[in-house]
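In mature numbering (1 follows the signal peptide of the UniProt record, and there is no 0), the protein residues as written are -19 to -1, 1 to 211.
Backbone N, C-alpha and C define an ideal beta-carbon position, used for all residues, glycine too.
Reading through the structure tokens given below for one structure.
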């Protein structure tokens, strides 16, 4: 291996080995879009499916030449796009990764078509197996707290609550998610309860968008919802 390639590998490896991995926000806003563009324009035939080891993927990007001559910034973006978006998601998530919203499903609280806003989708499923879809956690919580305000004869037990992780865009158990309120990010219905899988992701989000964390699902009450509608 040439000295140039070795130096290139050394420039990338610390990103993962020394804890300097970019934040989820940086990945979503900058690295993933840049990496996807490089992948589609330079090397759509790159055999990413054959890589299950991150170090070997880094090496292939730097010395393989399949994507042409890339600088460190471009190599980093391509690596995170391929590793996080293509490889990890293919390995970890099945067909049920996202909340699948029927095309004609309407939010029972506001009446909007939920399928238009998949990144904000939330869902409850009752004991009879019936599902209700919402265009944000805020409307879902309004329904959970006062279901008969929106469906007059509703008297079923809610068995499951699902929400959509803001960064990963995968469904989460709504009772286990961490929520951020009063940020500068708005959903279809304005101020929202924004779900995250981990507290760390929520904290990274707050660094860029402000807001405060609601530590648990059980703490979401009418008072919090009222502040989101001001």
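Residues near residue i by beta carbon distance below 8 Å, same chain, minus five either side
i	result
residue 202	126
residue 61	3, 8, 12, 13, 16
residue 98	116, 117, 168, 169
In DSSP terms, what residue i is bridged to
i	result
residue 94	87
residue 49	Residue 49 pairs with nothing; no bridge assigned.
residue 103	115
residue 145	152
residue 171	168
Buried versus exposed call for residue i [16 or more other C-beta atoms within 10 Å across all chains shown]
i	result
residue 143	buried
residue 132	exposed
residue 52	exposed
residue 196	exposed
residue 114	buried
residue 211	exposed
residue 110	exposed
residue 76	Unreliable placement is indicated for residue 76, whose pLDDT of 45 sits below 50; the coordinate value is still reported in the next sentence. Exposed is the call here.
residue 35	buried
residue 171	exposed
residue 155	buried
residue 207	exposed
Where residue i sits in the DSSP three-state scheme
i	result
residue 151	coil
residue 130	helix
residue 137	coil
residue 162	strand
residue 238	The structure shown does not extend to residue 238, since the chain spans only -19 to 211, so no value can be given for it.
residue 61	helix
residue 191	coil
residue 2	coil
residue 110	coil
residue 26	coil
residue 201	coil
residue 75	Confidence at residue 75 is low in this model, with a pLDDT of 47, below 50, so the placement of that residue should be treated as unreliable; the coordinate-derived value is given next. Of the three classes helix, strand and coil, the one that applies to residue 75 here is coil, per DSSP.
residue 206	helix
residue 42	helix
Close beta carbons around residue i, own chain, < 6 Å, minus the five adjacent residues each side
i	result
residue 108	137, 138, 140
residue 85	none
residue 128	135
residue 189	6
residue 178	146, 153
residue -19	Low per-residue confidence applies at residue -19: pLDDT is 45, beneath 50, and the placement is therefore not dependable, though the value from the model is reported in the following sentence. Once the five neighbours on either side are set aside, residue -19 has no close Cβ partner at all.
residue 96	82, 84
residue 103	115, 118, 121, 144
Residue i beta carbon near the ligand HEM (any heavy atom closer than 7 Å)
i	result
residue 82	In the structure on display, the ligand HEM does not appear, and there are no ligands present to speak of.
Whole-Å CB distance - residue i paired with residue j, under 8 Å assumed
i	j	result
residue 123	residue 174	Wrong, their Cβ atoms sit about 11 Å apart, outside the cutoff.
residue 244	residue 194	With the chain running from -19 to 211 in the structure shown, residue 244 is simply not present.
residue 58	residue 12	5 Å
residue 152	residue 54	Actually they are not in contact, since the Cβ atoms of residue 152 and residue 54 sit about 33 Å apart, beyond 8 Å.
Same chain, Cβ closer than 7 Å to residue i, neighbours up to 5 away in sequence not counted
i	result
residue 192	161, 162, 163, 164
residue 89	113, 124, 131, 132
residue 66	13
residue 106	112, 140, 141
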